[in-house]
Amino acid sequence: MNQINDFKIKSKRYTGGWSSFLQEWMILILFVVMVTIFALTSPTFRTTNNIMNVLRQASFIAIIAMGEFFVILTGQMDMSISSIIGMVSIFFAGFAVSMGLPVWIAVVLALLMAVVVGLVNGLLVVYGKMPSFIGTLVTMNVIKGIYFIYSGGLPISGLPESFNFLGAGYVGLVPFPVILMLIIAVILSIIAQHTSFGRSIYAVGGNIEAAKLSGINVKFVGIFVFIICAVLTGIGALGLTARTLSGNVMLGENLLFDVMTIVVLGGTSLSGGRGRIVGVVIGALFLQVISNMMILVGISTYWQWVVKGAILVAVVLIDANTKRE
Amino acid sequence: MESRKQKGPLVEIKHCTMEFPGVRALDDVSFTLLPGECHGLVGENGAGKSTLAKCIIGENRMTSGELIIDGDPINLHTYSIRESQKRGIAIVHQEFQLMREMSGLENIFIGHYEKVGPFIDWKTLRKRAAEVLEFLQCDVNLQIPVKMLRTADQQIVQLAKAVINESKVLILDELTAVLQEKDIENIFRIINILKQRGMGIIYISHRLDEVLDACDTYTVLCDGKHIHSGFVKDIDKPKLIKMIIGRELKQVYMPINQKFGEMLLEVKGLSGPDAFQDINLKVRRGEVVGIAGLLGAYKTELVHAIFGNHRITKGKVYINGKEVNIKNPRQAIKHGIGLVPDERRSLGLNMLFDIKDNTTLPSMAFFKKWKVFQDHKAEAIAAYDHNQRMDLSYYSLWQNVKKLSGGNQQKIVIAKWMLRNSDIFLMDEPTRGIDVGAKFEIYKLINDLTQQGKAVVLVSPELEELIGLCNRVYIMFEGEIMDVVEGERKTQEIIINSLLGINTHESN
């Protein structure tokens, strides 16, 4: 009896008081405060139309960021995502329009290409023992070369109208991309927290040597996170392509920075081992709301870059100076 | 630099006490070092030799006592490594403090560059370095990165650095543990040169023969207490050994289990690249088998090789009588082996994980819901159960392991393998850096494991521990097994001799 009570006490999740609660959910609290202020001060911001627009725009970036999240969770980094976006977009359009294949086959083929890129990244890092920064930088440039050779840099338009649903469709009031993003987030969250594979990713990121000595297949985990990243990036790229109904190699330009910002905003540790999917989703919404507000008040794109950079610096500084134990 | 002929002591320590939380590492120790003297500091592992050295260089702060350096009483509250360096105290460890990628020349002068305007005056530096090497009568290439030098030459670079900095006191901490005979003689020669210059040398070593050869005076420490100081010429080796061991083994060890089961682990002719050679090892159920050896004996490499984490060039491993080919830790774990590594913080635990996740990490496959999802509840119950059995003190299973004490962290590493139901426990220095109370609990745990018919392979630098816990001790020297002792032959003296590479069959 005594033992049962003792177990109840010791298995209770320890919150560590207010300070650790605040630290854990700081980004969410900031997000809520920010949205409240914007909603109160800007009538344009609080229209249903605008809110849904923000959510829709955040969705595909969030999906891509969730992929990068897993790589960063192992303490690595995937620089090639901007090229994967361009590659998937142009080759998908190429398969579906130029070659006239059915859309679903084009989707499968484009995603398979992403799998191959992810596999190459993983092999370079795990077996080639390359720093991931360098390894994925190489694939980034190689892919860039390949899709420019293929397309000459020109977009391929003329995708079937029905495909537009993926990027711009609505289910009731809610945009379809938002639903897709939520479904993916829930699945990935369950994988991360409630499967042994997910726990292995955290274990590898926290201490790869200890993980190896505990019997975790660290090589498999190390490679597989790059494949997950490439596939999710591929899905995001298809969504972005669907919005304009044309394959475009420039689609991924400048997205790497946003994705990194989102992952870090979401509380993911750049040295690996710490972070949550829900944080990434909040991070994506956070960044999109700020971009949206800046557009509404008429701040130029260039100034937006400056602001986003300042945000990333602020978050990293706060993270580095508060999580010291 | 004129030679010092003054009579005052270079270092004087009076009634030094040094306490770590829960342990008294030094207890009322007094120590004097005169100029031109080589003073041997001897004692078992954990006797307090290195702690005393660290007090002198300011890395550890004495809890109470007086420290007088070259006649100046030192303010203990502000004393630091910086100040000790300024006062001319240098230490050379076997763990190097050299910048591996930089040349010997840069290493010698780092932080003390002579300059012409804003530029480093390499010409003068080269000349000065050459003078020092000539003074030490050594020939070392100072132009190439030090990582390309032999171990012995790297140590010469460190000694040269101490001379250039005009050190008055030089502490040599287990410098010779990884050196060969010829290089050791060279170090002795250098010690003599430095002594004539008036330098005081504190010589810490396990090798008593060296202390008898090289030192003028000695101090014996045992369990942090000062046992005796005197002149080396008044003493011989047996007397010294008696002083070091000093007392009966304390009754902290339970009777060793003598109920053995079948042969569990057998290693035949195992060799690794540039490491251990031709190792034969047998472990039965219910046995504790010890592996003794100094640094450079490749004990850690051997247990890692059995665990599939170190390359093997030849040899065979049998588990339960069947030959197995273990290529990685995953396969080793499947065969019922668990490793408790020597570095528990960097190899044993994930410092970002909580107690529950660390405990269940190797056993995740046992706790599945619908074959896919982790059953966190069942994991928590199992982790609770095992940690409770170990008397782990904690308040929540979801508590981060980072802030636990060393002893408690080590219990979690062991609980990992108990939960995984491993049969063979490879323990690499399981009591390193943990306090006495926790040590005894680990001893008890090892005993419990053998009662349950598990087998333990115990690597330890502490002979007392090996003698008190093991049925049989294998003694390694430079990668080879020198001797196997059990029963009557399991004594400190025989083990020490084999550790040093002296074959006991001949000398006894």
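Here the protein sequences line up with chains V and Z, keeping their order.
What the first sequence shows, in the working numbering, is residues 148 to 472, in sequence order.
What the second sequence shows, in the working numbering, is residues 8 to 515, in sequence order.
Backbone N, C-alpha and C fix where the C-beta goes; we use that ideal spot for every residue, glycine too.
Count the other CB atoms within 10 Å of the CB of residue i; is the residue buried (16 or more) or exposed (fewer)?
{"i": "residue 415 of chain V", "result": "buried"}
{"i": "residue 176 of chain V", "result": "exposed"}
{"i": "residue 476 of chain V", "result": "Coverage of chain V is limited to positions 148 through 472, which leaves residue 476 of chain V absent and any answer about it impossible."}
{"i": "residue 405 of chain V", "result": "buried"}
{"i": "residue 413 of chain V", "result": "buried"}
{"i": "residue 449 of chain V", "result": "exposed"}
{"i": "residue 193 of chain V", "result": "exposed"}
{"i": "residue 436 of chain V", "result": "buried"}
{"i": "residue 233 of chain Z", "result": "buried"}
{"i": "residue 341 of chain Z", "result": "exposed"}
{"i": "residue 460 of chain V", "result": "exposed"}
{"i": "residue 256 of chain Z", "result": "Because residue 256 of chain Z carries a pLDDT of 42, less than 50, the predicted location of this residue cannot be relied on, and the following value inherits that uncertainty. Exposed: under 16 other Cβ atoms inside 10 Å."}
{"i": "residue 382 of chain V", "result": "buried"}
{"i": "residue 362 of chain V", "result": "buried"}
{"i": "residue 163 of chain Z", "result": "buried"}
{"i": "residue 424 of chain Z", "result": "buried"}
{"i": "residue 155 of chain Z", "result": "exposed"}
{"i": "residue 330 of chain Z", "result": "exposed"}
{"i": "residue 216 of chain V", "result": "buried"}
{"i": "residue 262 of chain Z", "result": "exposed"}
{"i": "residue 148 of chain V", "result": "The predicted model places residue 148 of chain V with a pLDDT of 47, which falls under 50 and marks its position as unreliable; any figure quoted below should be read in that light. Classification for residue 148 of chain V: exposed."}
{"i": "residue 367 of chain Z", "result": "buried"}
{"i": "residue 324 of chain Z", "result": "buried"}
{"i": "residue 246 of chain V", "result": "exposed"}
{"i": "residue 168 of chain V", "result": "exposed"}
{"i": "residue 68 of chain Z", "result": "exposed"}
{"i": "residue 502 of chain Z", "result": "buried"}
{"i": "residue 74 of chain Z", "result": "buried"}
Could you spell out where the beta strand (DSSP E) holding residue i opens and where it closes?
{"i": "residue 233 of chain Z", "result": "232 to 238"}
{"i": "residue 193 of chain Z", "result": "Looking at the DSSP string, residue 193 of chain Z is not in any beta strand (DSSP E); the run it does join, the alpha helix (DSSP H), is 188 to 203."}
{"i": "residue 441 of chain Z", "result": "Taken as a continuous stretch (DSSP letters only), residue 441 of chain Z belongs to no beta strand (DSSP E), as it is neither H nor E."}
{"i": "residue 179 of chain Z", "result": "176 to 180"}
{"i": "residue 95 of chain Z", "result": "Unbroken run through residue 95 of chain Z: none, as it is neither H nor E."}
{"i": "residue 25 of chain Z", "result": "18 to 27"}
{"i": "residue 462 of chain Z", "result": "462 to 466"}
{"i": "residue 490 of chain Z", "result": "487 to 493"}
{"i": "residue 166 of chain Z", "result": "No beta strand (DSSP E) contains residue 166 of chain Z, which is instead part of the alpha helix (DSSP H) from 158 to 171."}
{"i": "residue 344 of chain Z", "result": "344 to 347"}
Measuring from the CB of residue i, is there a heavy atom of the ligand GTP at a distance below 7 angstroms?
{"i": "residue 310 of chain V", "result": "In terms of ligand content, the structure shown is empty, and the ligand GTP therefore cannot be addressed."}
Please list the partners that residue i has in chain B, where partner means a Cβ-to-Cβ separation under 7 angstroms.
{"i": "residue 356 of chain V", "result": "Looking at the structure shown, chain B is missing, and the protein chains on hand are V and Z."}
Looking at the secondary structure, which residues open and close the alpha helix (DSSP H) in which residue i lies?
{"i": "residue 207 of chain Z", "result": "Looking at the DSSP string, residue 207 of chain Z is not in any alpha helix (DSSP H); the run it does join, the beta strand (DSSP E), is 207 to 211."}
{"i": "residue 282 of chain V", "result": "279 to 298"}
{"i": "residue 484 of chain Z", "result": "It is not in any alpha helix (DSSP H) - residue 484 of chain Z instead sits in the beta strand (DSSP E) that spans 479 to 484."}
{"i": "residue 500 of chain Z", "result": "499 to 506"}
{"i": "residue 432 of chain Z", "result": "It is not in any alpha helix (DSSP H) - residue 432 of chain Z instead sits in the beta strand (DSSP E) that spans 431 to 435."}
{"i": "residue 151 of chain Z", "result": "Looking at the DSSP string, residue 151 of chain Z is not in any alpha helix (DSSP H), and its letter there is neither H nor E."}
- Take every Cβ of the stretch 431 to 441 of chain Z, pair it with every Cβ of the stretch 331 to 349 of chain Z, and state whether three or more of those distances are shorter than 8 angstroms. yes
- According to a CB-to-CB cut-off of less than 7 angstroms, which residues of the stretch 330 to 342 of chain V neighbour chain Z? 341, 342
- Item | Whole runs of the alpha helix (DSSP H) within the stretch 112 to 149 of chain Z, excluding any shorter than 4 residues | Segments of the alpha helix (DSSP H) lying fully in the stretch 112 to 149 of chain Z: 129 to 143.
- Go through the stretch 362 to 400 of chain Z residue by residue and report every complete run of the alpha helix (DSSP H) that reaches 4 residues or more, in order. 362 to 367, 383 to 396
- Report yes or no: do three or more beta-carbon pairs, one from the stretch 268 to 279 of chain V and one from the stretch 366 to 380 of chain V, lie closer than 8 angstroms? yes
- In chain order, which continuous runs of the beta strand (DSSP E) of length 3 or greater are located wholly inside the stretch 315 to 385 of chain V? none
- Okay, do the stretch 228 to 246 of chain V and the stretch 291 to 298 of chain V touch, 3+ Cβ pairs below 8 angstroms being the bar? yes
- Item | the stretch 295 to 316 of chain Z: positions lying closer than 7 angstroms to chain V by Cβ | Answer set for the stretch 295 to 316 of chain Z: 316.
- Query: Enumerated in chain order, which unbroken segments of the beta strand (DSSP E) with a length of 3 residues or greater are wholly contained in the stretch 258 to 327 of chain Z?
  - Reply: 270 to 278, 286 to 291, 295 to 299, 321 to 326
- Pair every Cβ in the stretch 386 to 405 of chain V with every Cβ in the stretch 179 to 195 of chain V, then say whether three or more of these pairs are closer than 8 angstroms. no
- Contact between the stretch 74 to 92 of chain Z and the stretch 123 to 134 of chain Z (3+ Cβ pairs under 8 angstroms): no
- Interface residues of the stretch 334 to 355 of chain Z facing chain V [CB-CB below 7 angstroms]: 336, 337, 340, 346, 348, 353, 354, 355
- Message: If contact is defined by three or more beta carbon pairs under 8 angstroms, each pair taking one atom from either stretch, is the stretch 483 to 501 of chain Z in contact with the stretch 274 to 292 of chain Z?
- Response: Contact between the stretch 274 to 292 of chain Z and the stretch 483 to 501 of chain Z is established, with three or more Cβ pairs separated by less than 8 angstroms.
- Message: Runs of 3 residues minimum, wholly inside the stretch 35 to 92 of chain Z: which ones carry the beta strand (DSSP E) assignment?
- Response: 45 to 49, 71 to 76
- Item | Given 8 angstroms, three or more beta-carbon pairs between the stretch 311 to 318 of chain Z and the stretch 332 to 344 of chain Z | yes
- Message: For the structure I just gave you, are there three or more beta carbon pairs, one from the stretch 456 to 464 of chain Z and one from the stretch 264 to 271 of chain Z, closer than 8 angstroms?
- Response: yes
- Message: Counting beta carbon pairs with one atom in the stretch 219 to 228 of chain V and one in the stretch 327 to 337 of chain V, are three or more of them shorter than 8 angstroms?
- Response: no
- Query: Where are the alpha helix (DSSP H) runs, 4 residues long or more, that stay fully inside the stretch 207 to 290 of chain V, in chain order?
  - Reply: 228 to 240, 250 to 273
- Query: Per the contact definition of three or more C-beta pairs closer than 8 angstroms, is the stretch 405 to 412 of chain Z in contact with the stretch 349 to 366 of chain Z?
  - Reply: yes
- Query: Taking contact to mean at least 3 C-beta pairs separated by less than 8 angstroms, is the stretch 139 to 149 of chain Z in contact with the stretch 90 to 100 of chain Z?
  - Reply: no
- Query: Are there three or more Cβ pairs, one per stretch, closer than 8 angstroms when the stretch 217 to 234 of chain Z is compared with the stretch 158 to 174 of chain Z?
  - Reply: no
- Task: Give, in chain order, every unbroken run of the beta strand (DSSP E) that is at least 3 residues long and sits entirely within the stretch 372 to 456 of chain V.
- Result: As far as the stretch 372 to 456 of chain V is concerned, it has no whole beta strand (DSSP E) run of at least 3 residues.
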